[in-house]
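Chains A and B are the protein sequences, given in the same order. Take 494 as the starting number for the first sequence in our numbering and just add one per residue. Take 2 as the starting number for the second sequence in our numbering and just add one per residue. Cβ atoms here follow ideal geometry from the backbone N, Cα and C, with glycine treated the same way. Being a predicted model, the structure only gives us computed values, none of them experimental.
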Amino acid sequence: MLPAITRDIADGGNAISEAIDEDLGADSSQQVMTLLLASSPSRAVGSRIGLSDSEIIEFLAAPNRKPDEFLTAL
Amino acid sequence: MRGVRGDDLADELVQRQPRLGLSPATEEAAVACGAEEWLAPLNRMGGKGRPVEEPSADSEEAFDLDASGDVIDGDDEFSGLPSERHVASAGRRQPGEQAAGYIVTGIYEILKKRLIDELPDERTIADIAEEYAEQVKMAEDSGYIAAASLEQITEQVRETYPLHPSFKHLVALFKENEGFTQTRGLMQFTARLLKSVEERNYDDVFLIGTAASQSER
C-alpha cells in the first residue's frame, strides 16, 4: 500500500496528485485521491470498491470548496 | 427448522421470544391511539424482524451498519433508544423518518461523545451547515449530483458535525474487513483522522471526512 500512496498521493511534492495540485494551486487532487484510497480497502468478496464521480463531488463538498475544483482534479 | 430436535426447537423458540417486539394487537392499539410513529423504534428495540444470532465476543460494544451505512444495532448506550436530545428534536421530523433518525445519528453520537471534548456553539454549527448545503446545492444545480433539499442537508450536518455527513457511507464500504472491529475500529480510525486534521498546516477544515486528512510525508 505504501508504494501506491507515495506514487499517487503524498511523497514530499513528488506524488502525482501533488504535482496536479501544484498546477491547480489547491489540494483538490490530494483530497480526491485520499477519498478514493479510503473508499477502496474493502476485501469482502463482491463488495464495492471506490466511488462514482458524483459521490466524490458530494463527499468532498465543504463550506470553503467549490465543486468545480474537484471535478477539475478528477 | 430442518433436522432440529423437539427440545432444540423449544429452546430456539424461547430464545426468539424476547426478540419478537410488539404483538399485532399492541400495534393495532398504538395505531388506534395515533402513536404509530413509535412502533418502528419499539419493535427495533425488541428485535422484531432481526434474525436470532449468538452474541459475539465483542457484542457489548459492537454496532452494525447496513449497506447504506446506517447503524442497525448498537451497544446499550447507543442502540437506538431516543435520548433527550432526540426526543426534543423529534417534532421536526416526519414520523417515518423518526426511527431512522435515531439510528443514523447513533454512529456520530458515539464518536462525538468518545472523541470530541467540546463543540462550538449552535450558531457556528448552523452557519457551517447552511454553507455546506449551499455548496451541495451548487453542485446539484451544475448537474454533478442529485441531492436532497437544503433543509435536509442542513439538518444532516447539524446531526453529524464536526464529521462530514458522508463519513458513515465511507466506513460502510470497509466495515466487513477482517480485523476491523466495528466500534473499536471505527473509533481508532476516526481518532487518527481527527489527529491528522489537527496537525494540518492550515485550519481550513469545517467538516471532517477522510479526504481532509493530512497526507504529507
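Span separating the alpha-carbon of glutamate 515 of chain A from that of alanine 508 of chain A: 11 Å
Residues in the stretch 129-140 of chain B having any Cβ partner in chain A nearer than 7 Å: Ile129, Glu132, Tyr133, Gln136, Val137, Met139, Ala140
Contacts that alanine 148 of chain B makes with chain A (C-beta to C-beta distance below 8 Å): Glu551
The stretch 118-130 of chain B in contact with the stretch 147-159 of chain B per 3-pair CB rule at 8 Å: By the Cβ test, the stretch 118-130 of chain B is in contact with the stretch 147-159 of chain B, since at least three Cβ pairs between them sit closer than 8 Å.
Any non-hydrogen atom of the ligand PLP within 8 Å of alanine 503 of chain A CB: Summarising the ligand content, the structure contains no ligands, and the ligand PLP is consequently not present.
Selection from A/Thr499, A/Asp520, A/Leu495, A/Ile550 that minimises the alpha carbon distance to aspartate 205 of chain B: A/Asp520
Beta-carbon spacing of phenylalanine 207 of chain B, alanine 555 of chain A below 9 Å: yes
Interface flag, leucine 164 of chain B vs chain C, CB-CB below 9 Å: Considering every chain present, this structure includes no chain C. Its protein chains are A and B.
Runs of alpha helix (DSSP H) lying entirely within the stretch 124-182 of chain B, each at least 4 residues, in chain order: 151-161, 168-175
Three-state class that DSSP yields for alanine 519 of chain A in the structure shown: Look at alanine 519 of chain A here: in three-state DSSP terms it is coil, with no helix or strand label.
Cross-chain neighbours of threonine 1 of chain B in chain A, by beta carbon under 7 Å: For chain B, the structure presents residues 2 to 218; residue 1 of chain B sits outside this window and is missing.
Residue-level contact to chain B via CB, alanine 512 of chain A, 9 Å cutoff: Taking CB atoms only, alanine 512 of chain A has no neighbour in chain B less than 9 Å away.
Local conformation of arginine 558 of chain A per DSSP, three classes: strand
Proximity test, Cβ basis, 9 Å: tyrosine 109 of chain B and chain A: no
Strand pairing of isoleucine 209 of chain B, partner residues [DSSP]: B/Leu164
Straight-line Cα distance separating valine 525 of chain A from proline 534 of chain A: 15 Å
Local Cβ density within 10 Å of valine 538 of chain A, reported as buried at 16 or more and exposed below that: exposed
Nearest to glutamate 141 of chain B (by Cα), restricted to the options A/Leu567, A/Thr565, A/Ala566, A/Pro560: A/Pro560
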